[in-house]
Amino acid sequence: MQVEDGEVFGLLGPNGAGKSTTIKLLMGIIFPTAGSARMLGQPVNEVAMRRDIGYLPEQPYFYDYLTAKELLDYFARFHGYSAAARSERVQKMLKKVGLETAGKIQLRKYSKGMLQRVGLAQAILHDPRLVILDEPMSGLDPVGRREVRDIILELKNSGKTILFSTHILPDAEMLCDRVGVIAAGKLRGVGTPGAIVGVQATGMEIAFELAEGAALPDKIRAQAAKAGTGYRMSVGESGLYAALDELRTAGAKITSVAQIKPTLEDFFMELVGKDRAQAAAVEVSGK
Amino acid sequence: MNSILIVARNTFREAVRDRVLYNLVFFAFLMIVSAVIVGQISMDIETVVMISLGLSAISLIGLLIAVFTGVGLVSKEIDKRTLHAVLAKPLRRWEFLLGKFAGLVATLAVNTAAMAAGLFAALWLVKHSIARGDAVVLVAVYFILLKLTLVVALAMLFSCFTSPLLAILFTGGLYLAGLFVSELRSLQVTNLTPQAQKFFTVISYVLPNFGNYDVMSAAAHGRRVAGMLVLHNTLYTILYCAIVLSAAAVIFSRKDLK
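Structure follows, in structure tokens:
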């Protein structure tokens with residue numbers, strides 16, 4: 136697996152797939168039994184390289200006897216900033232993650248979402264080239280998630296490389312240039328979200344409404360399903376025009392026609408399903 | 315070096331905010347009550363009693379902090395996973411370890427110095443003067459601090475590879491064994507084989523010699539402590555701590571954190 140310079144790379148997988156383990160290996164928190172990894176062209180155990188890396192741990196927990204301001208100041212010291220530069224950076228980061236008014240409160244009084252924000256602030260405090268975020272949206276409300284998404288996009292626009300793990304698939308589809316899917320400790324695919332699930336449309340979906348009292352044409356009755364005030368039906372690409380003709384003849388108002396493409400979620404679920412089936416087969420055969 | 319100081323400073327701050335220094339209130343109370351009681355008994359042994367009592371309290375309180383806080387220095391960070399974000403900074407694991415060690419030793423130094431000041435205040439209350447000979451009390455306090463430094467190093471070593479409870483037991487056990495090193499060296503048991511005799515001799519040199527730090531009796535009776543002993547204990551502590559902390563650093567540097 137390789138993450139290119141300047142891209143947003145999403146590491147996807149169900150719980151226990153190995154996403155956090157991969158990130159912990161990269162950050163030197165645990166050690167590999169085999170194999171090797173490099174970041175910014177250097178082995179992962181190179182300490183000096185960490186000046187250019189920002190890391191947000193999964194469900195971050197920080198020294199709760201410190202205030203957010205003190206914690207960020209503590210971390211900034213490792214990067215050798217002067218007192219004035221530290222103070223300026225800390226203030227800027229607190230503002231960026233929406234905690235400027237809570238900077239003087241001890242972290243033991245913070246909510247999970249607020250801790251996540253502090254975690255994000257400490258990860259980007261020193262303007263790193265590579266930002267590694269382990270489940271950055273975890274514990275955040277919709278507003279918080281939106282803010283984190285915006286920060287990730289801002290980092291991307293400023294040329295940073297971002298690697299983040301998530302199991303929230305819409306976030307990955309929205310943010311990532313490429314994704315890597317991990318299941319049961321194995322990398323199952325790497326590519327753009329579109330490429331990894333296949334860009335081929337699997338069918339067409341037609342949404343339509345019928346005039347009051349009008350009946351569904353016999354030919355499409357089996358395919359159509361009630362959806363709100365109208366109906367939806369799925370047809371193969373080759374049968375699209377025939378279905379539209381039928382609907383027109385019946386006096387239906389076509390409200391939308393859209394391609395049906397598999398989502399990352401479909402791909403993801405299929406993988407997990409295969410793994411479970413395989414695991415069950417192994418269990419049955421006793422191997 | 316800078317990274318070590320950053321971690322040490324934060325460790326000291328943690329100890330202060332976790333109210334570790336609150337023990338000073340207890341010590342002050344103990345000294346005041348003792349001074350009043352000893353002052354009333356007054357059988358020309360008030361100084362001896364006050365110094366013995368004060369030094370024992372300084373040692374015991376310090377030991378409790380050194381063992382319990384020392385064991386938690388690293389294990390608490392691993393358990394709470396506060397280490398993850400710290401180790402992502404340009405900081406080596408051994409620097410983190412040394413920083414934690416230095417931070418707690420600094421806390422103990424401040425704590426011990428404050429208690430020593432309390433002891434001198436109590437002495438002044440009892441005999442209304444501080445003589446030049448009382449300086450030996452300072453030597454005794456210095457030896458207690460050296461002893462505590464070694465205990466912290468041992469506690470950190472054990473906490474790097476075992477559970478906090480076992481680390482406390484190992485550190486406490488080693489401390490107690492270390493009090494009897496001199497006895498072990500002079501152990502003359504007739505029915506011991508030469509190999510067994512040699513084994514005990516080797517063990518007596520490997521064990522930390524905590525008996526060397528005990529000059530409480532000399533301090534209480536105003537007897538001089540030889541300058542060589544001060545030098546010996548200082549160098550012994552530095553060397554022993556260096557060995558113990560090196561072993562802790564090797565273990566900690568290879569440890570998978572959860």
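Protein sequence lines correspond, in order, to chains A and B. In terms of the working numbering, the first sequence opens at residue 136 and continues consecutively. In terms of the working numbering, the second sequence opens at residue 315 and continues consecutively. The beta-carbon is built from N, C-alpha and C at its ideal position, and this holds for glycine as well. Note that the structure is predicted; figures quoted are calculated from it, not measured.
The shortest CA-to-CA distance from A427/B to any of S518/B, V520/B, L549/B, N337/B is the one to N337/B.
Interface annotation, R499/B: not in contact with chain A, CB-CB separation never under 8 Å.
Note that the stretch 408–416 of chain B does not touch the stretch 434–447 of chain B; fewer than 3 beta-carbon pairs, one per stretch, sit closer than 8 Å. At least one CB of chain B lies nearer than 8 Å to the CB of R186/A.
Under a 10 Å Cβ-count criterion, F326/B is classified as buried, with 16 or more other Cβ atoms of the shown protein chains found around its own Cβ. Ranked by Cα distance from M429/B, the options L411/B, L459/B, H442/B, W408/B are led by L459/B. Going by beta carbons, V363/B and S473/B fall outside the 8 Å limit. Counting the other CB atoms within 10 Å of its CB gives N324/B a total of 16 or more, which places it among the buried residues. The criterion of a C-beta distance shorter than 8 Å is satisfied by G315/A and L146/A. For the pair of segments examined, the stretch 195–214 of chain A was found to touch the stretch 394–406 of chain B: the number of CB pairs separated by less than 8 Å reaches three.
If you draw a straight line from the Cα of Y554/B to the Cα of V516/B, it comes to about 16 Å.
Closest in C-alpha terms to M339/A, from the list K354/A, V392/A, P328/A, comes V392/A. Using beta-carbon distances, K403/B counts as an interface residue toward chain A, with a partner under 8 Å. The three-state reading of DSSP puts T551/B in helix, counting H, G and I together.
In this chain, the alpha helix (DSSP H) harbouring S518/B covers 508–520. For the stretch 534–553 of chain B, there are no residues whose beta carbon sits under 9 Å from a beta carbon of chain A.
Of the candidates G384/B, L452/B, V564/B, K512/B, G384/B places its Cα closest to the Cα of A469/B. Three or more beta-carbon pairs separated by less than 8 Å are not found between the stretch 351–368 of chain A and the stretch 172–191 of chain A, which leaves the two stretches without contact. Neighbours of G163/A across chain B, judged by C-beta separation under 7 Å: L401. Contact between D312/A and M272/A does not hold, since the beta-carbon distance rounds to 18 Å and is not under 8 Å. The DSSP-derived three-state label of R538/B is coil.
A distance of 8 Å or more separates the beta carbons of I395/A and M368/A. Taking a C-beta cut-off of 9 Å against chain B, none of the residues of the stretch 140–152 of chain A qualify. Burial check for S155/A: the Cβ neighbour count within 10 Å reaches 16 or more, so the residue is buried. Per the Cβ contact rule, the stretch 525–538 of chain B is not in contact with the stretch 507–515 of chain B (fewer than 3 Cβ pairs under 8 Å). Within the stretch 229–243 of chain A, contact with chain B at the beta-carbon level (separation under 8 Å) is assigned to no residue. For H398/B, at least one C-beta of chain A is nearer than 8 Å to its own C-beta.
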